[in-house]
Amino acid sequence: MTPAPFIEIDNLHFSRGDHDIFRGVNLRIPHGQVTAIMGPSGTGKTTLLKLIGGQLTPDRGRVLIDGQDVHRLSRKALFTLRKRMGMLFQSGALFSDLNVFENVAFPLRVHTDLPDAMIRDLVLMKLQAVGLRGARNLTPAELSGGMARRVALARAIALDPELVLYDEPFVGQDPISMGVLVQLIKRLNEALALTSVVVSHDIKETLSIADYLYLIADGQVVSEGTPDTFDNSEDPRVSQFVHGQPDGPVPFHYPAPGFYSDMLGQSHAKRTG
Amino acid sequence: MKRSKTMEFGVGLFMLAGIIGLVFLGLRVSGLSLSAPTQTFQLQANFSNIGGLKPRARVTMAGVTVGRVESIDLDTDWYDARVVLSLDSELEGQLSQDSTAAILTAGLLGEQYIGLSVGGSPEMLEDGGVIRDTQSALVLEELIQQFVSNMAGS
Amino acid sequence: MRSLLTQASRRITRFGRKGCETVEALGRAGTFLAQAGIGVPSSEGFSLWLRQMHFVGVLSLAIVLVSGLFIGMVLALQGYTILVDFGAEQALGQMVALSLLRELAPVVAALLFAGRAGSALTAEIGLMKATEQLTSMEMIGVDPLKRVVAPRLWAGFVALPILTVGFSVVGIYGGYLVGVEWLGVFEGSYWSNMQASVSFIVDVGNGMIKSLVFALVVTWIAVFQGYDLVPTSEGISRATTRTVVYSSLAVLGLDFVLTAVMFGGL
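Right, dumping it as structure tokens:
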């Protein structure tokens with residue numbers, strides 16, 4: 028029996044200006060597992076996380092988290108729901124006016140009435156979990172990219188959320204900190220019984236931690252499955268992505284008029300004429 | 747969040763400086779006085795023409811400011827200007843009935859004010875009294891007109 | 047002929063779109079102000095406000111005071127050369143004080159404030175937006191309007207009137223230095239002429255009202271531009287420029303309107 032989905036996305040449509048980003052996305056994200064959403068850059072993976080977090084409103088379709096329609100909630104209920112989520116941003120998004128300790132303490136201070144001593148213990152525990160207890164007095168500007176992301180992770184789990192959203196956790200990391208992050212995500216998911224959603228295009232790392240994967244391209248889910256089925260998939264769209272072939276169903280070229288006519292200037296003349 | 751003491755101190759000083767500045771503007775620049783408003787009494791004077799006299803203008807005696815113009819309005823019985831003066835209560839009962847009030851100008855282009863001078867009558871003006879002997883403001887056009895008609899006459 | 051027509055219609059369309067966008071932005075700015083301004087004051091909020099007071103108020107003090115001193119000195123120098131022709135140099139104090147209190151202090155302090163603090167507010171909030179700090183704050187369940195914008199808005203609203211008072215005081219002192227100490231206007235007439243003609247309610251009071259209005263407008267423009275910008279480095283630089291341009295124009299335009307209402311006998 029499959030566990031009841033924690034997040035359910037039905038027929039999600041979203042567009043920015045004239046550009047359609049999602050055209051009917053359906054996803055089921057089960058409890059207590061690491062679900063990866065993959066796809067080439069520019070397919071709106073970050074946008075999908077923002078839709079799940081309720082920061083953007085879809086044109087059509089709905090997002091249910093634990094049975095609640097995120098975009099129908101009042102502002103207050105939405106903020107309450109967000110206390111149950113943690114999100115790790117691509118840039119870390121640490122508050123630049125607070126030091127590492129205060130960054131991690133921030134969610135605790137605003138959402139709980141815990142005494143200072145207990146907040147201190149909790150923060151140090153979270154920092155210990157990401158291995159940065161010694162860096163508590165540094166400012167975000169003094170941290171390397173990998174360290175900033177680990178601090179951000181500690182902040183994301185400060186309130187012991189049920190759901191953690193990871194936005195491109197592996198981008199721009201050296202192999203060591205990449206390995207550290209992979210380990211951390213895996214370990215935290217097991218230790219805290221989290222539901223994790225990882226948005227990424229780093230195949231190897233994602234395949235190694237995900238329980239289930241979705242591949243998004245062209246505004247739709249083109250494939251889904253466990254890492255094993257993904258690795259051996261016959262689907263040309265999947266194998267292009269997994270094996271990193273430059274051209275295939277996902278075109279190398281950005282949509283453009285024919286090269287020949289473009290070079291001769293005809294289509295240009297037509298457009299302005 | 748821990749507040750830094752120096753920052754708090756700085757902001758405190760800043761706001762204090764603002765208040766002190768406002769007090770300075772009040773006392774030193776606009777001439778408000780902290781002491782309770784001085785006791786005043788009122789006299790009335792009718793002028794046939796007040797020129798550019800404004801409410802709050804100074805009332806002086808021998809050049810010393812002794813009060814202010816309280817209000818100016820039109821007396822519809824005589825169609826002249828009724829000016830109410832508030833004077834220092836020290837002068838109450840000290841000004842004789844035949845004191846004169848004249849509208850004067852400070853310098854050639856300065857503001858207009860009222861100059862009082864004392865007469866010799868033994869009877870004194872009390873609160874609400876009326877100064878009979880008044881001298882209107884000099885209006886430049888009238889002066890020129892007089893001058894021209896005098897020239898024409900001679 | 048037809049191409050001319052299509053070109054014209056395209057221009058009109060673009061013009062219309064611009065209009066719609068402007069109205070939309072004004073609407074956004076309005077709801078933004080309402081959401082940020084109505085905050086429940088808490089001890090946490092006070093501490094954030096204090097921090098911003100330090101940033102926009104205390105740190106702007108030096109530039110405002112130095113400018114005030116120079117403006118007062120120039121006023122006295124210029125005023126003296128004009129007044130002395132009429133033999134009215136005793137009215138120097140009156141002239142310096144009235145021009146400062148009614149006009150120059152509120153306006154120049156607001157312009158300096160827009161350049162010094164307003165642009166910094168825009169850039170700071172813009173950078174927080176570009177580095178996803180505002181988004182992550184929202185995801186933590188904290189409203190950045192209350193946490194980031196409101197303290198800055200209130201700090202600006204309180205700080206600028208204080209800076210304006212400082213500007214006036216220092217400017218009047220600067221006028222005293224030049225007029226009395228240097229040009230030899232009689233000290234007594236400098237102060238007494240001033241006291242005789244300056245009314246606390248009319249002149250100081252109206253100057254303060256102006257300053258409060260400017261404070262609201264400048265800080266509002268600054269934080270809104272920061273909050274609403276396109277989160278790229280170009281977006282931040284444009285928004286910073288817009289803050290200075292818009293708030294300067296707003297201050298000068300509003301100054302005319304307010305002066306007409308207050309002193310124009312309307």
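Protein chains in written order, with our numbering: chain A, 28 to 300; chain B, 747 to 900; chain C, 47 to 312.
Glycine residues also receive a C-beta, built at the ideal position from the N, C-alpha and C atoms.
What is the DSSP secondary structure of residue i, counted as helix, strand or coil?
i	result
Val209/A	helix
Asn259/A	coil
Gln53/C	helix
Thr793/B	According to the sequence shown, residue 793/B is Phe rather than Thr. Phe793/B: strand per DSSP, three-state reduction.
Tyr825/B	coil
Leu886/B	helix
Val812/B	strand
Asp301/C	helix
Gly246/A	coil
Ala134/C	coil
Glu217/A	helix
Asn239/C	helix
Asp834/B	strand
Thr851/B	strand
Phe268/A	helix
Gln840/B	coil
Ala185/A	coil
Leu135/A	helix
Ala63/A	strand
Thr253/A	coil
Met152/A	helix
Only counting the same chain, and skipping five residues up and downstream in sequence, which positions put a Cβ closer than 7 angstroms to that of residue i?
i	result
Gln95/A	Leu108
Thr70/A	Ile243 and Ala244
Pro207/C	Met254, Ser257, Leu258 and Ala261
Pro134/A	Arg182, Ala185 and Leu186
Ala237/A	Val61, Thr62, Ala63, Val225 and Pro254
Glu232/A	Phe197, Met205 and Val209
Gly874/B	Gln788
Val830/B	Gln788, Gln790, Glu816 and Ser817
Ile84/C	none
Arg89/A	Asp37, Asp96 and His98
For residue i, collect the residues of the same chain with a Cβ closer than 6 angstroms to its Cβ; drop the 5 residues on either side in sequence, then sort them by chain order.
i	result
Gly125/C	Leu138 and Met141
Leu191/C	Gln81 and Ala82
Gly114/C	Phe213, Val216 and Gly217
Ser204/A	Gly173
Met174/C	Leu180
Arg288/C	Gln271
Met240/C	Gly139, Gln140 and Ala143
Leu91/A	Glu35
Less than 8 angstroms between C-beta atoms, sequence neighbours within five positions excluded: which residues of the same chain meet that for residue i?
i	result
Gly199/A	Gly172
Val204/C	Met99, Gly103 and Ala261
Val6/C	Lying outside 47 to 312, the shown extent of chain C, residue 6/C is not represented and no answer is given.
Thr278/C	Ala176
Ala108/C	none
Lys748/B	Note that Lys748/B scores a pLDDT of 49, beneath 50, so its modelled location is shaky; the value from the coordinates is reported in the next line. So no residue of the chain qualifies.
According to DSSP, residue i sits in a beta bridge with which residue or residues?
i	result
Arg89/A	Asp37/A
His46/A	Arg43/A
Arg55/A	Glu35/A
Ser863/B	Thr846/B
Leu192/A	Met114/A and Val224/A
Asp819/B	Arg828/B
Val324/C	Any question about residue 324/C goes unanswered here, given that chain C covers just 47 to 312.
Practice task
Could you name the residues of the region 182-193 of chain C whose beta carbon sits closer than 9 angstroms to any beta carbon of chain A, in the order they occur along the chain?
Solution key: So the list reads Ser182, Met183, Glu184, Met185, Ile186, Gly187, Val188, Asp189 and Arg193, given in the order they occur along the chain.
Exercise for the section: Give the residues from the region 62-80 of chain C that approach chain B closer than 9 angstroms (Cβ to any Cβ), ordered along the chain. Expected result: none
Exercise for the section: Please name the residues in the region 208-221 of chain C whose beta-carbon is closer than 7 angstroms to at least one beta-carbon of chain B, in chain order. Expected result: Ile208, Val211, Gly212, Ser214, Val215 and Ile218
Problem - At least three beta-carbon pairs within less than 8 angstroms, the region 103-117 of chain A to the region 149-160 of chain A - result: Not touching, per the Cβ criterion.
Practice task
Please list the residues of the region 161-183 of chain C that have a C-beta atom closer than 7 angstroms to any C-beta atom in chain A, keeping them in chain order.
Solution key: Thr177, Glu178, Gln179, Thr181 and Ser182
Problem - Residues within the region 80-104 of chain A neighbouring chain C, beta-carbon criterion of under 7 angstroms - result: Correct list: Gly80 and Gln82.
Exercise for the section: Would you check if there are 3 or more beta carbon pairs closer than 8 angstroms linking the region 858-878 of chain B to the region 804-816 of chain B? Expected result: yes
Practice task
Below 8 angstroms between beta carbons is the criterion; list the residues of the region 760-777 of chain B that meet it against any residue of chain C, in chain order.
Solution key: Phe760, Met761, Ala763, Gly764, Gly767, Leu768, Phe770, Leu771, Gly772, Arg774, Val775, Ser776 and Gly777
Exercise for the section: Indicate whether the contact test is met: 3 or more Cβ pairs, each with one atom in the region 227-238 of chain C and one in the region 129-137 of chain C, closer than 8 angstroms. Expected result: yes
Practice task
Give, in chain order, every residue of the region 89-105 of chain C whose Cβ lies closer than 8 angstroms to some Cβ of chain B.
Solution key: For the region 89-105 of chain C, the residues whose beta carbon sits under 8 angstroms from a beta carbon of chain B are, in order, Glu90, Ser93, Leu94, Leu96, Arg97, Met99, His100, Gly103 and Val104.
Practice task
Pull out every residue of the region 40-63 of chain A whose Cβ sits closer than 8 angstroms to any Cβ of chain C, in chain order.
Solution key: none
Exercise for the section: Output, in sequence order along the chain, the residues in the region 125-154 of chain A whose CB is closer than 9 angstroms to any CB in chain C. Expected result: Phe133, Pro134, Arg136, Val137 and His138
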